[in-house]
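Residues in the sequence shown are numbered from 18 upward in steps of one, following the working numbering. A virtual CB, placed ideally from N, CA and C, is assigned to each residue, including glycine. For reference, the structure is listed below as structure tokens.
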Amino acid sequence: MNITRKKFVTALAAGAFLLSAGQAALAQAWPSKPVRIVVPFPPGGSTDVLARILSQKLSEKWGQQVLIDNRPGGNTLIAAQLVAQANDGHTLFMPIDFTLTMNQTLYSKLPYDPIKDFTPISILTEQSLLVSVNPKVPARTLAEFVAYAKANPGKVTYGTGAIISQVAGEMFKRAAGIEMVHVPFKGSAPTLQALLGGDLDMTISDLLPYLPHLKEGKLRGLATTGLTRAESLPDLPTVAASGYNNFNVRSWFALVAPSSMPAAVSRKIGDDVRAVIKAPDIKAKLGEVGLEVVGSTEAQFQGTITREAASYGKTIKDAGIKLD
């Protein structure tokens with residue numbers, strides 16, 4: 018190696034060291050002001066509960082206020098665009114699964130790029146969806162429901178109040194080889210009321226609002242949609258265990274940063290968030306609202322986005338679902 022090349026290599030090494038040292042110092046000093054977590058739903062829902070529990074613990078850990086900024090509307094597009102354009106270094110985003118894995122297929126054009134505009138930090142929690150029927154439906158198991166649907170093609174109705182529930186319904190229809198009439202609602206509350214009122218045969222929805230009605234016998238649970246039984250309904254089998262191998266749909270909430278966030282800072286946030294979310298008292302609190310703690314790494318999170326975007330994207334295209 019000649020003298021000039023040696024000097025060049027030495028300069029590169031020194032530059033890399035200084036950059037690394039600078040990034041480490043930046044991460045150590047962060048946050049230098051209050052942190053904002055943008056939530057794409059109104060106050061009161063499970064996402065908001067998760068955000069407020071997390072913000073309290075992170076405020077204590079970071080010595081700075083962690084503020085919740087609820088920005089509902091537009092199927093999470095409003096909040097996503099806001100965070101994608103943030104460059105203050107102290108704004109984070111708590112998306113739900115479809116923000117990063119479905120919207121790119123549901124819409125012809127998005128005001129944000131789910132991959133390029135965000136840095137994955139961690140999947141915080143997940144929950145299975147619930148397949149339930151009103152008691153008038155003559156089915157006590159998923160197999161009996163499938164038989165009933167096959168005996169009444171095109172007459173059985175299922176309602177959903179969220180896009181992931183609709184996608185799960187399309188996946189189940191294809192897996193079971195049945196025809197059902199989809200009835201969309203704006204949220205889980207009106208979907209639940211329609212099922213209780215006998216206006217729907219079946220719903221696929223989040224667990225929590227349905228639990229009291231299952232216990233009272235006003236509704237009948239048939240299965241949950243994850244690969245393992247739901248912690249809040251341990252006696253209920255999964256769709257996969259009911260004869261539809263590898264059927265797996267779980268709704269999740271996550272934390273991401275704008276892509277403008279320095280890598281060292283996003284890594285620090287991930288380490289701190291995982292430490293907080295996996296604490297026994299936090300797991301217990303979140304379990305009360307039907308959320309199971311995950312606390313994934315950045316790499317695991319990125320793998321989930323890639324895998325689910327491909328799987329859900331195919332289902333959405335095949336079913337012709339569009340939101341614009």
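For the beta strand (DSSP E) that contains D223, what are its first and last residues?
-> In this chain, the beta strand (DSSP E) harbouring D223 covers 219 to 223.
Do the region 126 to 135 and the region 80 to 100 make contact, defined as three or more Cβ pairs closer than 8 angstroms?
-> Touching, yes, given that three or more Cβ pairs across the two stretches are closer than 8 angstroms.
Count the other CB atoms within 10 Å of the CB of N262; is the residue buried (16 or more) or exposed (fewer)?
-> In this structure N262 is exposed. Its beta-carbon is surrounded by fewer than 16 other beta-carbon atoms within 10 angstroms.
Using the Cα positions of Y165 and S249, report the straight-line distance between them to the nearest angstrom.
-> Taking the straight line from one Cα to the other gives about 27 angstroms.
Whole angstroms is fine: what's the gap from A44's alpha carbon to K285's?
-> Rounded to the nearest angstrom, the two C-alpha atoms are 6 angstroms apart.
A103 to L217 span [Cα, whole Å] | For A103 and L217, the distance between alpha carbons rounds to 43 angstroms.
Where does W47 sit, in a helix, a strand or coil, going by DSSP?
-> In the structure shown, W47 sits in coil (DSSP, three-state: anything other than H, G, I, E or B).
So does the region 160 to 178 actually touch the region 293 to 301, counting three or more Cβ pairs closer than 8 angstroms?
-> Too few Cβ pairs lie closer than 8 angstroms, so no.
What whole-angstrom Cβ distance do I113 and F270 have, given they're in contact under 8 angstroms?
-> Yes, they are in contact, since the Cβ atoms of I113 and F270 sit about 6 angstroms apart, within 8 angstroms.
Where H107 falls: helix, strand or coil (DSSP) = Collapsing the DSSP output to three states places H107 in coil.
In terms of residues, what are the limits of the alpha helix (DSSP H) holding E187?
-> Per DSSP, E187 belongs to the alpha helix (DSSP H) from 180 to 193.
Please report how far the alpha carbon of K331 lies from the alpha carbon of D289, in whole angstroms.
-> The C-alpha of D289 is placed about 35 angstroms away from the C-alpha of K331.
Closest to S49 by CA distance: which of F58, V83, V311 is it?
-> Nearest of F58, V83, V311 to S49, Cα basis: V83.
Contact between the region 130 to 145 and the region 155 to 170 (3+ Cβ pairs under 8 angstroms) | Because the criterion of three Cβ pairs below 8 angstroms is not met, the region 130 to 145 and the region 155 to 170 do not touch.
Using DSSP bridges, identify the partner residues of H199.
-> Its beta-bridge partners are Y175.
Starting from R267, follow the beta strand (DSSP E) in both directions and report where the run begins and ends.
-> Its beta strand (DSSP E) spans residues 267 to 275.
Looking at the structure shown, is Q102 part of a helix, part of a strand, or coil, going by DSSP?
-> It is coil, neither helix nor strand.
C-alpha distance - S276 paired with A42, whole-angstrom precision | For S276 and A42, the distance between alpha carbons rounds to 19 angstroms.
Using alpha carbons as the reference points, say which of I322, E315, R267 lies closest to Q144.
-> Of the candidates I322, E315, R267, the one whose C-alpha sits nearest the C-alpha of Q144 is R267.
When T245, G90, A240, G61 are compared against L159, the one with the closest alpha-carbon | The alpha carbon of L159 has as its nearest neighbour, out of T245, G90, A240, G61, the alpha carbon of A240.
Consult DSSP for N120 and reduce its assignment to one of helix, strand or coil.
-> N120 sits in a helix when the DSSP states are folded into three classes.
In terms of residues, what are the limits of the alpha helix (DSSP H) holding E248?
-> Run containing E248: none; DSSP gives neither H nor E here.
Buried or exposed: where does T242 fall if 16 or more other Cβ atoms within 10 Å of its Cβ makes it buried?
-> Sixteen is the threshold: when 16 or more other Cβ atoms of the shown chains lie within 10 Å of the Cβ of T242, as they do, the residue is buried.
Going by alpha carbons, who is nearest to G312 out of T142, Q81, Y124?
-> Sorting T142, Q81, Y124 by C-alpha distance to the C-alpha of G312 places T142 at the top.
In the DSSP assignment, find the beta strand (DSSP E) that holds E143 and state where it starts and stops.
-> It spans 135 to 150 - the beta strand (DSSP E) in which E143 sits, taken as one unbroken run.
What is the rounded straight-line gap between the Cα of Q210 and the Cα of P59?
-> Approximately 20 angstroms between the Cα atoms of the pair.
Determine the contact status of P226 and A206, defining contact as a CB-CB distance below 8 angstroms.
-> Contact flag set, yes.
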